[in-house]
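Take a look at the structure set out below.
There are 2 protein chains.
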Amino acid sequence: MRRSDRLSEIIEIVQDGRLHLARDIAARLEVSVRTIYRDFDTLVASGIPIEGERGVGYLLREPVFLPPMNLSLAELEALHLGMAIVAEAADTELQAASISLTRKMNKVATANGTVPKNWGFGVYPFVQARIGFEHMPKIRSAIRAKEKLKIDYLSLDDISSTRIVRPLQSAYWGKIWTVTCWCEARDDFRSFRIDRISRCRPSGIFFKDEPGRRLEDYLEKVNSQMTGRPDASTQVK
Amino acid sequence: MRRSDRLSEIIEIVQDGRLHLARDIAARLEVSVRTIYRDFDTLVASGIPIEGERGVGYLLREPVFLPPMNLSLAELEALHLGMAIVAEAADTELQAASISLTRKMNKVATANGTVPKNWGFGVYPFVQARIGFEHMPKIRSAIRAKEKLKIDYLSLDDISSTRIVRPLQSAYWGKIWTVTCWCEARDDFRSFRIDRISRCRPSGIFFKDEPGRRLEDYLEKVNSQMTGRPDASTQVK
DNA sequence: CCGCAACTGACAAATGCTGTCAGTTGATGT
DNA sequence: ACATCAACTGACAGCATTTGTCAGTTGCGG
Numbered sequence: 016m017r018r019s020d021r022l023s024e025i026i027e028i029v030q031d032g033r034l035h036l037a038r039d040i041a042a043r044l045e046v047s048v049r050t051i052y053r054d055f056d057t058l059v060a061s062g063i064p065i066e067g068e069r070g071v072g073y074l075l076r077e078p079v080f081l082p083p084m085n086l087s088l089a090e091l092e093a094l095h096l097g098m099a100i101v102a103e104a105a106d107t108e109l110q111a112a113s114i115s116l117t118r119k120m121n122k123v124a125t126a127n128g129t130v131p132k133n134w135g136f137g138v139y140p141f142v143q144a145r146i147g148f149e150h151m152p153k154i155r156s157a158i159r160a161k162e163k164l165k166i167d168y169l170s171l172d173d174i175s176s177t178r179i180v181r182p183l184q185s186a187y188w189g190k191i192w193t194v195t196c197w198c199e200a201r202d203d204f205r206s207f208r209i210d211r212i213s214r215c216r217p218s219g220i221f222f223k224d225e226p227g228r229r230l231e232d233y234l235e236k237v238n239s240q241m242t243g244r245p246d247a248s249t250q251v252k
Numbered sequence: 016m017r018r019s020d021r022l023s024e025i026i027e028i029v030q031d032g033r034l035h036l037a038r039d040i041a042a043r044l045e046v047s048v049r050t051i052y053r054d055f056d057t058l059v060a061s062g063i064p065i066e067g068e069r070g071v072g073y074l075l076r077e078p079v080f081l082p083p084m085n086l087s088l089a090e091l092e093a094l095h096l097g098m099a100i101v102a103e104a105a106d107t108e109l110q111a112a113s114i115s116l117t118r119k120m121n122k123v124a125t126a127n128g129t130v131p132k133n134w135g136f137g138v139y140p141f142v143q144a145r146i147g148f149e150h151m152p153k154i155r156s157a158i159r160a161k162e163k164l165k166i167d168y169l170s171l172d173d174i175s176s177t178r179i180v181r182p183l184q185s186a187y188w189g190k191i192w193t194v195t196c197w198c199e200a201r202d203d204f205r206s207f208r209i210d211r212i213s214r215c216r217p218s219g220i221f222f223k224d225e226p227g228r229r230l231e232d233y234l235e236k237v238n239s240q241m242t243g244r245p246d247a248s249t250q251v252k
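Chains A and B, in that order, are what the protein sequence lines are.
What the first sequence shows, in our numbering, is residues 16 to 252, in sequence order.
What the second sequence shows, in our numbering, is residues 16 to 252, in sequence order.
Here you go:
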């Protein structure tokens, strides 16, 4: 096995986010432990955020490592346009992420002449209100963690309520953001407009996927109704 | 200089899209020509689309090569959301690009458990009409190439006209796409709604950036007017 | 058919990588 | 305070890879 191959193997191994011991990796790759230590040196030297702790093991800090990749011009354009839109249409967390990603890409791509400095894309503010945007990072991480949320919601007819929901998906409709949930009180799917959520906090209670209450079930249900706007039937006014 | 560093140097050198001779690269990196040939072998073997032609030189086929990179979870989310929106809001060329880019990312990112298979993003059609979308690839490549376009335009009061324009920027307003141009006939900036362009063809005539007629000049002019919608004053109804 | 520059093969020399060994360091638990 | 664990470090001999030199071949364009 070539050294360079071994280095990328190590990245793949460490990428699962769990702790790894140098000796295990050494056994798996059939080299000595010393070599693994040296390999980690090399990887860290080339900027890969691996952290080793004495007595504990190794861990990859950032969750994803992108291997070398070739992009076509169209793909690069799509990427830049997408990041420009996200920077306009999403919350500050994603906004910051899209800007830093664009910067990373530019760093490698615009140094030379083939790639235009100016992409010829303009994106102008088209999210009408940014009310409720501060909830979005919380909502996204709750979706990922499958954690129930406690939300205070003001319906479109100005009736407020507090609910415990299982967040499943946050959706973008061009002007507004919604979050689709399984609502524990109503025992059904409900979609909430994020700009009508006045308060939103993690409950500390985690849920498991249950048939009939999953995102897949919601999407299937909606699909079978063949309405133009998928969540019209469950929309919380 | 380490071998691996030299390999990425070579990529950077070749990335400019111009022809390079092995002997020049060898001189620049202070190694022998033979070593450079071997390095190209290595690069090609790891899937980098470099082409060498006898008697000519070396060339990178795809315009952009993305070196290894670390993305945070937020950046990955922004990327997926952006690609989902582009797939909904742009023409088929960009749509295809966004899909293939998403696939490339998924291939490396969802293999292990850290990254969710389902991102919890839904994006629903929010471009009202896809009329005129077929012109967009042409428009984008004309912007890049600085090639004048001949367009047939139907104004909002149903007056049609044919114009020669210098395309500068295509902009997205959440519902509609526009292209901002320097209009040769009017001798001023004009923005056209893409869904009102009935015909659009490259003229074969290329233009150079001239002070007063560039995108920068347009943006500056618009900025100084402090209107909410930058191109209100030059909008072609 | 000549010049160019990409290519290829062979081999010795230089360089870098690896394993072994013998330690140190810092965190954690008893 | 002590032991344990596992990351880390330095040194050195032996081995593997990489490199340069040299002497060719191949394919393209003039």
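Where is the CB? At the ideal position from N, CA and C, for every residue including glycine.
Check: According to the neighbour-count rule (16 or more other Cβ atoms, all chains shown, within 10 Å of its Cβ), is residue 244 of chain B buried or exposed?
Finding: With a pLDDT of 49 at residue 244 of chain B, under the threshold of 50, the predicted position of this residue should be treated as unreliable, and no value is reported.
Margin query: Considering Cα atoms alone, identify which of A/202, A/179, A/113 and A/195 is closest to residue 216 of chain A.
Written below: Checking every option, the nearest Cα to that of residue 216 of chain A belongs to A/179.
Check: Which residues, taken in chain order from the region 81-96 of chain B, show a beta carbon closer than 7 Å to some beta carbon of chain A?
Finding: Going along the region 81-96 of chain B in chain order, one finds 81, 82, 83, 84, 85, 86, 87, 88, 89, 90, 91, 92, 93, 94 and 96 with a Cβ nearer than 7 Å to chain A.
Next item on the list: Assuming residue 89 of chain A contacts residue 109 of chain B (C-beta within less than 8 Å), just tell me the rounded distance between them.
Entry: Correct: roughly 7 Å between the Cβ atoms.
Notebook entry, point to check: So, is residue 52 of chain A buried or exposed, given that buried needs 16 or more other C-beta atoms within 10 angstroms?
Noted result: Looking at its Cβ environment, which holds fewer than 16 other Cβ atoms inside 10 Å, residue 52 of chain A is exposed.
Margin query: Which residue wins for smallest C-alpha separation from residue 199 of chain B, given the options B/140, B/221 and B/139?
Written below: Ranking B/140, B/221 and B/139 by Cα distance to residue 199 of chain B puts B/221 first.
Notebook entry, point to check: Where DSSP assigns a beta bridge to residue 137 of chain B, which residues make up the other side?
Noted result: Residue 137 of chain B has A/186 as its beta-bridge partners, per DSSP.
Next item on the list: Tell me, please, whether the CB atom of residue 138 of chain B is closer than 9 Å to any CB atom in chain A?
Entry: At a cut-off of 9 Å between beta carbons, residue 138 of chain B contacts chain A.
Check: Shortest alpha-carbon distance to residue 64 of chain A belongs to which of B/168, B/85, B/103 and B/158?
Finding: Out of B/168, B/85, B/103 and B/158, B/85 has the C-alpha closest to the C-alpha of residue 64 of chain A.
Next item on the list: In the DSSP assignment, find the alpha helix (DSSP H) that holds residue 55 of chain A and state where it starts and stops.
Entry: That run of the alpha helix (DSSP H) goes 48-60.
Check: Going by other Cβ atoms of all chains shown within 10 Å of its Cβ, with 16 needed for buried, is residue 182 of chain A buried or exposed?
Finding: In this structure residue 182 of chain A is buried. Its beta-carbon is surrounded by 16 or more other beta-carbon atoms within 10 angstroms.
Next item on the list: In the DSSP assignment, find the unbroken alpha helix (DSSP H) run with residue 23 of chain B in it and report its ends.
Entry: Start and end: 18-29.
Next item on the list: Would you identify the three-state DSSP class for residue 237 of chain A, choosing helix, strand or coil?
Entry: Residue state, collapsed to three classes: helix.
Margin query: If I follow the unbroken beta strand (DSSP E) through residue 65 of chain A, where does it start and stop?
Written below: Start and end: 65-68.
Next item on the list: For residue 161 of chain A, I'd like the list of residues in its chain whose CB is within less than 8 Å of its CB, leaving aside the five on either flank, ordered along the chain.
Entry: Cβ within range, chain order: 181, 221, 222, 223 and 224.
Item checked: Near-chain A residues of the region 179-194 of chain B - C-beta to any C-beta below 8 Å -> Of all residues in the region 179-194 of chain B, 182, 183, 184, 185, 186, 187, 188, 189 and 190 have a Cβ within less than 8 Å of some Cβ in chain A.
Check: Can you give the Cα-Cα distance for residue 20 of chain A and residue 61 of chain B, rounded to whole angstroms?
Finding: Looking at the two C-alpha atoms, the distance is approximately 10 Å.
Check: Would residue 230 of chain B count as contacting chain A if we go by Cβ distances under 9 Å?
Finding: Yes, residue 230 of chain B lies at the interface with chain A (some Cβ there is under 9 Å from its Cβ).
Item checked: Length of the line joining the Cα atoms of residue 98 of chain B and residue 113 of chain B -> Here the alpha carbon of residue 98 of chain B sits roughly 5 Å from the alpha carbon of residue 113 of chain B.
Next item on the list: Return no unless some Cβ of chain A is closer than 9 Å to the Cβ of residue 2 of chain B.
Entry: Here chain B comprises residues numbered 16 to 252, so residue 2 of chain B is not present and cannot be evaluated.
Check: With 16 other CB atoms within 10 Å as the buried threshold, where does residue 195 of chain A fall?
Finding: Within 10 angstroms of the beta-carbon of residue 195 of chain A lie 16 or more other beta-carbons, which makes it buried.
Notebook entry, point to check: Does any CB atom of chain B fall closer than 9 Å to the CB of residue 59 of chain A?
Noted result: Residue 59 of chain A does not count as touching chain B.
Next item on the list: Just mark residue 45 of chain A as buried or exposed, buried being the case when its beta carbon has 16 or more other beta carbons within 10 Å.
Entry: Residue 45 of chain A counts as exposed, since fewer than 16 other beta carbons sit within 10 angstroms of its beta carbon.
Notebook entry, point to check: Residues of chain A with CB under 7 Å from residue 119 of chain B, in chain order?
Noted result: Those within 7 Å of residue 119 of chain B in chain A are 84.
Check: In or out: residue 128 of chain A buried (at least 16 other Cβ within 10 Å) or exposed?
Finding: In this predicted model, residue 128 of chain A has a pLDDT of only 48, less than 50, meaning its place in the structure is not dependable enough to derive any value.
Next item on the list: Determine, using beta carbons only, whether residue 176 of chain A and residue 168 of chain A come nearer to each other than 9 Å.
Entry: By the CB criterion at 9 Å, residue 176 of chain A and residue 168 of chain A fall inside the cutoff.
Item checked: Own chain residues within Cβ distance below 8 Å of residue 34 of chain B, not counting five before or after -> Only residues of its own chain outside the window of five on either side were considered, and among them 71, 72, 73 and 74 have a CB closer than 8 Å to the CB of residue 34 of chain B, listed in chain order.
Check: Ends of the alpha helix (DSSP H) at residue 162 of chain A?
Finding: Per DSSP, residue 162 of chain A belongs to no alpha helix (DSSP H); it is in the beta strand (DSSP E), 162-169.
Check: Counting along the chain, where does the alpha helix (DSSP H) carrying residue 91 of chain B start and finish?
Finding: It spans 88-104 - the alpha helix (DSSP H) in which residue 91 of chain B sits, taken as one unbroken run.
Check: Does residue 149 of chain B come within less than 9 Å of chain A when only Cβ atoms are used?
Finding: Residue 149 of chain B does not count as touching chain A.
Notebook entry, point to check: Sorted by chain position, which residues of the same chain lie with C-beta nearer than 6 Å to residue 126 of chain A's C-beta, five sequence neighbours on each side aside?
Noted result: Model confidence at residue 126 of chain A stands at a pLDDT of 48, short of 50, so the residue's coordinates are unreliable; what they give is reported in the following sentence. In its own chain, leaving out the 5 sequence neighbours on each side, no residue places its CB closer than 6 Å to the CB of residue 126 of chain A.
Check: So the alpha helix (DSSP H) residue 212 of chain A belongs to, where does it begin and stop?
Finding: Segment 212-221 is the beta strand (DSSP E) holding residue 212 of chain A; no alpha helix (DSSP H) there.
Check: In or out: residue 56 of chain B buried (at least 16 other Cβ within 10 Å) or exposed?
Finding: By the neighbour-count rule (16 or more Cβ atoms within 10 Å), residue 56 of chain B is not buried but exposed.
Notebook entry, point to check: Looking at the structure shown, is residue 201 of chain B part of a helix, part of a strand, or coil, going by DSSP?
Noted result: If DSSP states are grouped into helix, strand and coil, residue 201 of chain B belongs with coil.
Check: From the beta carbon of residue 62 of chain A, is the nearest beta carbon of chain B less than 9 Å away?
Finding: Residue contact check for residue 62 of chain A against chain B: a CB pair falls below 9 Å.
Next item on the list: Compute the distance between the beta-carbons of residue 158 of chain B and residue 135 of chain A, then report whether it is under 9 Å.
Entry: In this structure, residue 135 of chain A lies closer than 9 Å to residue 158 of chain B by Cβ.
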